[in-house]
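Undergrad:
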Amino acid sequence: MAPRLQLEKAAWRWAETVRPEEVSQEHIETAYRIWLEPCIRGVCRRNCKGNPNCLVGIGEHIWLGEIDENSFHNIDDPNCERRKKNSFVGLTNLGATCYVNTFLQVWFLNLELRQALYLCPSTCNEYVMGDGIHEEKDYEPKTICEHLQYLFALLQNSNRRYIDPSGFVKALGLDTGQQQDAQEFSKLFMSLLEDTLSKQKNPDVRNIVQQQFCGEYAYVTVCNQCGRESKLLSKFYELELNIQGHKQLTDCISEFLKEEKLEGDNRYFCENCQSKQNATRKIRLLSLPCTLNLQLMRFVFDRQTGHKKKLNTYIGFSEILDMEPYVEHKAEPSKSQTRKPKCGKGTHCSRNAYMLVYRLQTQEKPNTTVQVPAFLQELVDRDNSKFEEWCIEMAEMRKQSVDKGKAKHEEVKELYQRLPAGAEPYEFVSLEWLQKWLDESTPTKPIDNHACLCAHDKLHPDKISIMKRISEYAADIFYSRYGGGPRLTVKALCKECVVERCRVLRLKNQLNEDYKTVNNLLKAAVKGTDGFWVGKSSLRSWRQLALEQLDEQDGDTDHSNGKMNGSTLNKDESKEDRKEEEEELNFNEDILCPHGELCISENERRLVSKEAWSKLRQYFPKAPEFPSYKECCSQCKILEREGEENEALHKMIANEQKTSLPNLFQDKNRPCLSNWPEDTDVLYIVSQFFVEEWRKFVRKPARCSPVSSVGNSALLCPHGGLMFTFASMTKEDSKLIALIWPSEWQMMQKLFVVDHVIKITRIEAEDVNPSEAQYISEPKLCPECREGLLCQQQRDLREYTQATIYVHKVVDNKKVMKDSAPELNVSSSETEEDKEEAKPDGEKDPDFNQSNGGTKRQKISHQNYIAYQKQVIRRSMRHRKVRGEKALLVSANQTLKELKIQIMHAFSVAPFDQNLSIDGKILSDDCATLGTLGVIPESVILLKADEPIADYAAMDDVMQVCMPEEGFKGTGLLGH
84 MAPRLQLEKA
94 AWRWAETVRP
104 EEVSQEHIET
114 AYRIWLEPCI
124 RGVCRRNCKG
134 NPNCLVGIGE
144 HIWLGEIDEN
154 SFHNIDDPNC
164 ERRKKNSFVG
174 LTNLGATCYV
184 NTFLQVWFLN
194 LELRQALYLC
204 PSTCNEYVMG
214 DGIHEEKDYE
224 PKTICEHLQY
234 LFALLQNSNR
244 RYIDPSGFVK
254 ALGLDTGQQQ
264 DAQEFSKLFM
274 SLLEDTLSKQ
284 KNPDVRNIVQ
294 QQFCGEYAYV
304 TVCNQCGRES
314 KLLSKFYELE
324 LNIQGHKQLT
334 DCISEFLKEE
344 KLEGDNRYFC
354 ENCQSKQNAT
364 RKIRLLSLPC
374 TLNLQLMRFV
384 FDRQTGHKKK
394 LNTYIGFSEI
404 LDMEPYVEHK
414 AEPSKSQTRK
424 PKCGKGTHCS
434 RNAYMLVYRL
444 QTQEKPNTTV
454 QVPAFLQELV
464 DRDNSKFEEW
474 CIEMAEMRKQ
484 SVDKGKAKHE
494 EVKELYQRLP
504 AGAEPYEFVS
514 LEWLQKWLDE
524 STPTKPIDNH
534 ACLCAHDKLH
544 PDKISIMKRI
554 SEYAADIFYS
564 RYGGGPRLTV
574 KALCKECVVE
584 RCRVLRLKNQ
594 LNEDYKTVNN
604 LLKAAVKGTD
614 GFWVGKSSLR
624 SWRQLALEQL
634 DEQDGDTDHS
644 NGKMNGSTLN
654 KDESKEDRKE
664 EEEELNFNED
674 ILCPHGELCI
684 SENERRLVSK
694 EAWSKLRQYF
704 PKAPEFPSYK
714 ECCSQCKILE
724 REGEENEALH
734 KMIANEQKTS
744 LPNLFQDKNR
754 PCLSNWPEDT
764 DVLYIVSQFF
774 VEEWRKFVRK
784 PARCSPVSSV
794 GNSALLCPHG
804 GLMFTFASMT
814 KEDSKLIALI
824 WPSEWQMMQK
834 LFVVDHVIKI
844 TRIEAEDVNP
854 SEAQYISEPK
864 LCPECREGLL
874 CQQQRDLREY
884 TQATIYVHKV
894 VDNKKVMKDS
904 APELNVSSSE
914 TEEDKEEAKP
924 DGEKDPDFNQ
934 SNGGTKRQKI
944 SHQNYIAYQK
954 QVIRRSMRHR
964 KVRGEKALLV
974 SANQTLKELK
984 IQIMHAFSVA
994 PFDQNLSIDG
1004 KILSDDCATL
1014 GTLGVIPESV
1024 ILLKADEPIA
1034 DYAAMDDVMQ
1044 VCMPEEGFKG
1054 TGLLGH
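Going by this note's numbering, the residue at position 806 of the sequence shown is 889; the numbering climbs one at a time, nothing skipped.
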């Protein structure tokens, strides 16, 4: 704050010593220096903000001194992408495909599986010609086996540090951005691979999945009465182990194999005893596969959120797992630990591992090498050649970048020392351009100084802070090498802007004194005809207006022709904004009439003395001036007289119409279609909109224009047909029309211009019950347009955002008003109208004669007509909210699952316990949108909650039944 105050004081002192008409070139340079005085006086340790002489800290430090060549490029050493000796090849994570990469590496390290896949016949022969690989096209595997062959060959012999598995992932149809269940992926892919290999003729290939991954166990049930043992044999590809409450892998296996007692209602029917008996049931491992997959069940179901929850339990496991006791079913007892288990040599502890893979140890010496088939090796060699070419290309690009950087280094060292101007001729260059010149990451563009120009096409004083003063020598080199302009020499300093700045500073300095002077002058009475008219509103705020206007002139940057970053202002927008600001700041325009003359209302203006007006004119030289003898606007006087005459005329018309149509004005004794009056067979129809507008005029004729015509065209279609059925006019459309007695209609035809006559006639046949009378409309109903209107209304009801619906919780099919939890987005509608029941689309009323007539109708589009009709024809669909009911804000594109989450917060009912219905229809598709399910604004959804399941162990079943997930639906894994 202190530097700014010093700046203002220095500027005031200087402005008081020099008059605008005396300003010379020396004064101009002095002015530019004084406005930057605090910065120039500062000690230059880093780039001084606003100081054009400071050339420190603008990006030069990276070029001065010795420079590491690596700073001249952003290209990594291509050799970093090369596979190191005796190391494995990695796989690129495509987003959320780490689970795929994990299993690919596990399967690759299974040598027997790799060897079997290499033996699979391949269509690669079509790609390989007699003299080798087609050079003009890339190899694209066609089957899952071919993808695995190619990936495994690359993982084995590629020169790359990592390879891209995109082709394999794409072939399976997996979403790379969605994290999936790794265990489910393993199961599904093994099943797919087994099914694919089952068609192979080679038994070593056909049976490889069963040989490597398939084991066998039996469900063994033993009768406690007779000791009879029954077995149910089953194959497995992995063992699913519960980890909750355990710390050691052996404990998890023991629980998997523990005995279960079958007692009470769960007793076992023994074939030997021929009756239900107490029994025990257990799993007995019969044989283990060569590769044992142990799935650690880290995900359990969370009832509060309705989603899976991960268990971060530490599990300890050894590198060598002795399964002999478990195969013989001798469980090892172990106490659960409460802390992270201690891991000795050969053991590990993990809170993230979800699958453990063990290989069977044998006495035979394992085969550690697998030969890659020739056709695959040829593909790998070609990929390695491409990689080597890429390495050479990257190395060349690095070299070019280094050479370019060295040249720029020499340029900067040469020119930066010559940048300071000193006492020699100088020019101004944009600081932003200098910074970009010193920034090697962006190419240097031509110099553009247009953004720093004032309205006079010279250097704007306010832009000095973002400019740098450099020597003419350096400027000549810059413009010769990079071009651009305009060049801003010492002659570019703007005299006009300095003069204006002096005037503004003088006025700002004397504003407070002039405010007191004007207030004193306003207290004295104006004598004679020497006064001037000033708006009262302008007088109340003139000091604030003057200060804002001076601040705007002092700091106005709109004179520039653009913005610093090469972008230009939107001229239309800037002009409009500028115009609005000027309209707000213009002084004394509050007494202008629409014709630009003095307004006729003396209540809005005041007479001030000549001395007071002279002071005000110093601050507002462009303000409109009205001497006391100035006549008011003659046009406004004429309009005022005409307005008074019109007002009297309007009152006379309103009284006449009110007297002629008393029942219509007071809304008394109105006829009703649902209860047809006995004393007439004809009723006329007008739009309710006309009635409301007419009543507004009759009540306030001075403020409203007379209603001269009855516009019934809004109730008709473009064909001239009526848009309402008799049934709808008795119900939901009754609020859109007004019924007129025949006597009233005769009077209305005299008072108004009627564009279309609409009437309903009742026809009673002889010896027929009056309740069975027929009703005919003139004009007739247009079924085509009526149906189009109803369809459009239905579409509108299904394309909504942030609409209110209501939810009732029911028990035994009865509504329960329960305030159990705060509502989400609750809205009230205490006085809203009940929702009317409309007849289904296309249903005809037998009592309403709807003949199309024999005339040929013109084919037109309903879209424009329906948009017009919306202004007049609307249905009341509002629901009367009952106390205790939950109101939620929803959108048509919202899914049912998202609605269930809202209901969970409102009623404390988990999504899987919610049974929702609307109008007797069950809502069950969680992925469907509310619009497709028929949920419209003001709908009432019934909620019936299932009782919570107390058994926590049953949560997995609930999850699978009530909350099905998408998982791998729609992928190639389910194609088999």
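Here a beta-carbon is modelled for each residue, glycine too, at the ideal position from N, C-alpha and C. Nothing here was measured: the structure is a model prediction, and the numbers come from that model.
1) For LYS842, does the three-state DSSP call read helix, strand or coil?
2) By a C-beta neighbour count over all protein chains shown, 10 Å radius and 16 as the cutoff for buried, is THR651 buried or exposed?
3) Note the first and the last residue of the continuous alpha helix (DSSP H) segment covering GLY726.
4) Going by C-alpha distance, which of ASP762, ARG782 and MET735 is nearest PHE748?
5) Assuming TRP828 is part of the beta strand (DSSP E), what are its boundary residues?
6) Do THR1015 and GLN977 have their CB atoms nearer than 8 Å?
7) How many whole angstroms separate the CB atoms of MET380 and ASN325, which I take to be in contact at a CB cut-off of 8 Å?
8) If I measure Cβ to Cβ from LEU200 and keep anything under 7 Å in the same chain, skipping five residues before and after, which residues do I get?
9) For VAL609, which residues in the same chain have their Cβ closer than 6 Å to its Cβ, ignoring the five residues on either side in sequence?
10) Distance, Cα to Cα, GLN331 vs LYS365?
11) Tell me whether the beta-carbon of VAL252 lies closer than 8 Å to the beta-carbon of GLN327.
12) Let me check one thing: in DSSP terms, what residues is VAL973 bridge-paired to?
13) Can the beta-carbon of ILE768 be found less than 8 Å from the beta-carbon of LEU822?
14) Alpha carbon to alpha carbon, what distance is there between LEU322 and HIS329?
15) Can you look up TRP616 in the DSSP assignment and give me helix, strand or coil?
16) Which residue wins for smallest C-alpha separation from LYS551, given the options GLU1021, ASN134, HIS988 and SER974?
17) Ignoring anything shorter than 3 residues, give me the beta strand (DSSP E) runs that lie fully in the segment 533-585, in order along the chain.
18) For GLN312, which beta-bridge partners are listed by DSSP?
19) How many Å lie between LEU459 and ASP264 at the Cα?
20) Quick one: Cα of GLU555 to Cα of ILE158, how far?
21) When DSSP builds the beta bridges, which residues end up paired with PRO710?
22) If we count Cβ pairs, one from each stretch, closer than 8 Å, do we get three or more for the segment 280-298 versus the segment 344-356?
23) At which residues does the beta strand (DSSP E) containing LEU502 begin and terminate?
24) Leaving aside the five residues before and after TRP190 along the sequence, list all residues of the same chain whose C-beta is less than 7 Å from its C-beta, in chain order.
25) With three or more beta-carbon pairs closer than 8 Å as the criterion, would you say the segment 803-815 touches the segment 865-880?
26) Does the separation of the CB atoms of SER249 and PHE186 fall below 8 Å?
27) Return the residue from the list GLU776, LEU766 and LEU799 that minimises the CA-CA distance to GLU827.
28) So CYS373 packs on CYS309, CB below 8 Å; how close in whole Å?
29) Which class does SER692 belong to by DSSP, given the choice of helix, strand or coil?
30) By Cβ distance below 8 Å, which residues in the same chain neighbour LEU594 in space, the five residues on each side in sequence not counted?
31) Can you give the Cα-Cα distance for ARG688 and GLU723, rounded to whole angstroms?
32) Based on the DSSP output, what are the partners of THR1012 in its beta bridges?
33) Helix, strand or coil: which one does DSSP assign to GLN353?
34) Tell me the rounded alpha-carbon separation between SER788 and HIS733.
35) Less than 8 Å separating the beta-carbons of LYS743 and TRP616?
36) Please classify CYS163 as buried or exposed, where buried requires at least 16 neighbouring CB atoms within 10 angstroms.
TA: On the basis of the data shown:
1) strand
2) With a pLDDT of 37 at THR651, under the threshold of 50, the modelled position of that residue is not reliable, and the figure given next carries that caveat. The residue in question, THR651, is exposed, as its Cβ has fewer than 16 Cβ neighbours within 10 Å.
3) 717-743
4) ARG782
5) Unbroken run through TRP828 is the alpha helix (DSSP H), 825-834; no beta strand (DSSP E).
6) Going by C-beta atoms, THR1015 is not nearer than 8 Å to GLN977.
7) For MET380 against ASN325, the beta-carbon gap comes to about 5 Å, under 8 Å, which counts as contact.
8) Correct list, in chain order: CYS228, LEU231, GLN232 and PHE235.
9) LEU690 and SER692
10) 21 Å
11) The Cβ atoms of VAL252 and GLN327 lie no closer than 8 Å to each other.
12) ALA886
13) yes
14) Cα to Cα, HIS329 sits roughly 16 Å from LEU322.
15) DSSP places TRP616 in strand when its eight states are reduced to three.
16) Of GLU1021, ASN134, HIS988 and SER974, the residue nearest in Cα terms is ASN134.
17) Listed in chain order, the complete beta strand (DSSP E) runs (minimum 3 residues) inside the segment 533-585 are 550-554.
18) Just to set this straight, residue 312 is Glu in the shown sequence, not Gln. Bridge partners of GLU312: VAL305.
19) 32 Å
20) 37 Å
21) PHE615
22) No, they do not touch.
23) Neither: LEU502 is in no beta strand (DSSP E) and is coded neither H nor E.
24) Closer than 7 Å at the Cβ level, and outside the excluded window around TRP190, lie LEU196.
25) yes
26) PHE186 is positioned such that its CB atom lies no closer than 8 Å to that of SER249.
27) LEU766
28) Wrong, their Cβ atoms sit about 39 Å apart, outside the cutoff.
29) Looking at SER692 - three-state DSSP - the assignment turns out to be coil, as it is neither helix nor strand.
30) For LEU594, the CB contacts under 8 Å within the same chain, skipping 5 residues up- and downstream, are ARG626, ALA629, LEU630, LEU633 and TYR702 in chain order.
31) 18 Å
32) THR978
33) Correcting the residue identity first, residue 353 is Cys in this sequence and not Gln. CYS353: strand per DSSP, three-state reduction.
34) 8 Å
35) The sequence as given places Ser at residue 743; Lys does not occur at that position. For SER743 and TRP616, no; Cβs fall outside 8 Å.
36) Its Cβ having fewer than 16 others within 10 Å, CYS163 is exposed.
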